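Residue numbers (this note's numbering): -13 to 130.
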């Protein structure tokens, strides 16, 4: 079976296995700040009382996680060198988060997903998401 070497080459340049710890941390940070929001609004308790609460949290987080998984590799959040310094890592995370959050917000704006998209929510997702990922990436670059 033939493969498209252009696609293989593109992905090979955008995803470096050395950045795997960043990917795991990024996903955990996204879920964590969304969980903080669900706590603020009483959607999910602390600690989650059961599987239903975890499913509810993942339901809120899923559109944003999907956006992240689609955008971060394209932007180069896990490319060679992304994990080498905060100077490289932080901007890549923020540049990935903005379009990823827009995708998540667009999904939430559809009639198929509960929650909706109010302007304050948009601002919080863009700002808190960017700051959360930037802090994580800075700490990871400095201490991990």
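Yeah, the Cβ is synthetic: ideal placement off N, Cα and C, and Gly gets one too.
As the structure is a computational prediction, the values presented were derived from the model and not from experiment.
Less than 8 Å between the beta carbons of residue i and residue j, yes or no?
i	j	result
residue 122	residue 82	no
residue 2	residue 79	no
residue 16	residue 51	yes
residue 46	residue 20	yes
residue 7	residue 130	yes
residue 75	residue 69	yes
Under a three-way DSSP split, which group does residue i fall into?
i	result
residue 1	strand
residue -12	Interpretation of residue -12 is limited by its pLDDT of 48, a score under 50 that renders its predicted location unreliable; the figure taken from the coordinates is listed afterwards. In the structure shown, residue -12 sits in coil (DSSP, three-state: anything other than H, G, I, E or B).
residue 12	helix
residue 100	coil
residue 150	With the chain represented from -13 up to 130, any question about residue 150 goes unanswered, as that position is not in the structure.
residue 35	coil
residue 113	helix
residue 126	helix
residue 69	coil
residue 95	coil
residue 85	helix
With 16 other CB atoms within 10 Å as the buried threshold, where does residue i fall?
i	result
residue -13	Residue placement at residue -13 is flagged as unreliable, the pLDDT there being 47, under the threshold of 50; the coordinate-derived value follows with that caveat. So residue -13 counts as exposed.
residue 4	exposed
residue 9	buried
residue 71	exposed
residue 104	exposed
residue 115	buried
residue 43	buried
residue 35	exposed
residue 96	exposed
residue 14	exposed
Pull up the DSSP beta-bridge partners for residue i, would you.
i	result
residue 64	1
So, under 8 Å CB-CB, residue i and residue j are touching, yes? Tell me the CB distance rounded to an integer number of Å.
i	j	result
residue 117	residue 91	The Cβ separation is near 17 Å, so there is no contact.
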